[in-house]
Amino acid sequence: KNPAVRQALPVYPRRPKVSPYSRPSLLQGMSGPFSFSSGLPDCCAASPDLYKTIAEIPDVARLVEMTFPPGAKDVPHEHPIHSMYFITDCKLKIAGPPTPTKLGEEGGVAEVPAGAAPIFPAMAHQVENVGDAVGKAIFVEPYPNCKACGEVAGYISPFEVSPGCYKILAEDDDWITGVLTMAVGEKDLLHHHKDHLIYVLEGDGVTIYPGGDESAAMVVPLQVGAGIPAPMSAPPFAKHTLLNSGTVPLKMVFFEAKK
740 KNPAVRQALP
750 VYPRRPKVSP
760 YSRPSLLQGM
770 SGPFSFSSGL
780 PDCCAASPDL
790 YKTIAEIPDV
800 ARLVEMTFPP
810 GAKDVPHEHP
820 IHSMYFITDC
830 KLKIAGPPTP
840 TKLGEEGGVA
850 EVPAGAAPIF
860 PAMAHQVENV
870 GDAVGKAIFV
880 EPYPNCKACG
890 EVAGYISPFE
900 VSPGCYKILA
910 EDDDWITGVL
920 TMAVGEKDLL
930 HHHKDHLIYV
940 LEGDGVTIYP
950 GGDESAAMVV
960 PLQVGAGIPA
970 PMSAPPFAKH
980 TLLNSGTVPL
990 KMVFFEAKK
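Here it is, written out as structure tokens:
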């Protein structure tokens, strides 16, 4: 090239290399309840075809259902601390935690059995279903500044009074992952709940007795796969007895606040 022309061209400083995951994008501008310092979107904003909020308690938490057909791959995203329950066996390739890889690298493969209930710290990653079947899981994500329920006078734990029906699958300082199972016609004992979110695995109907009052019976039809918000501010959920008044055995997973 002509040296005179080359000298006349303006000289621009080189831009530093920037990770594609820290660069602003349309996804990072999507609305959502979370704002991560990484700039990444939350899972529902990043891949609404794969993650859906199926129940929420405003200012407390949301229940998300994750459904991955074989070969599905989501968009890089971030989670707060979250408690999970796997509905099916899942074979997932994950770039980033909980595998020993980083976002943007070749992911590690994790095989998770149905019924597993891990609790994960806050993390950013990208997930792909490398199995040959649909993978499904649910998880609870507490909202920023999640409101505490406070102490309940005379609190009666369902896990203590009806251990044949209620089991703890996992817990940390803030949330319990529990499972409720009942035969047809079975009834539990009077107990309390704090804010909780429920997922129906099996069952077609229950009867709730608010405060244990059988004259105030509430018959509730159920649908498998439904998410149910159960705030303690709603009288039926705070203190009750429960009867499996349906025609099939009952099984529900729930995530309950501890504070």
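The sequence shown runs 740 to 998 under the numbering used here. Even glycine gets a Cβ: it sits at the ideal position worked out from N, Cα and C.
Beta-carbon proximity check, residue 839 vs residue 847, cutoff 8 Å: Position 100 of the sequence shown holds residue 839. Position 108 of the sequence shown holds residue 847. Yes, Cβ-Cβ distance for residue 839 and residue 847 is below 8 Å.
Residue 786 - partner residues in DSSP beta bridges: Numbered from 1 along the sequence shown, position 47 holds the residue referred to as residue 786. DSSP output for residue 786 lists no bridge partner at all.
Sheet register partners of residue 832 (DSSP bridge): Here residue 832 is taken as the residue at index 93 of the sequence shown, counted from 1. Paired residue(s): 848, 867.
Where residue 876 sits in the DSSP three-state scheme: As a position in the sequence shown, residue 876 is number 137, starting the count at 1. Correct three-state label for residue 876: strand.
Buried or exposed (CB count within 10 angstroms, at least 16 for buried), residue 952: Sequence index remark: in the sequence shown, residue 952 carries index 213 (1-based). The residue in question, residue 952, is exposed, as its Cβ has fewer than 16 Cβ neighbours within 10 Å.
Euclidean distance between Cα positions of residue 763 and residue 771: Start at 1 with the first residue of the sequence shown, and residue 763 comes out as number 24. Start at 1 with the first residue of the sequence shown, and residue 771 comes out as number 32. Annotation note: pLDDT 37 at residue 763 (below 50); position unreliable, coordinate value reported separately. Roughly 16 Å separates the two Cα atoms.
Contact between the segment 776-793 and the segment 810-820 (3+ Cβ pairs under 8 Å): Verdict: yes, contact present.
Simplified DSSP state of residue 925, which is helix, strand or coil: Numbered from 1 along the sequence shown, position 186 holds the residue referred to as residue 925. Shown here, residue 925 sits in coil according to DSSP, grouped into three states, outside any helix or strand.
Supposed close pair residue 937, residue 878 - CB separation, criterion 8 Å: Along the sequence shown, read from residue 1 onward, the residue named residue 937 stands at position 198. Along the sequence shown, read from residue 1 onward, the residue named residue 878 stands at position 139. That pair is no contact at about 14 Å.
Option in 822, 815, 852, 844 with minimal Cα separation from residue 828: Here residue 828 refers to the residue found at position 89 when the sequence shown is read from its first residue. The option with the nearest alpha carbon to residue 828 is 852.
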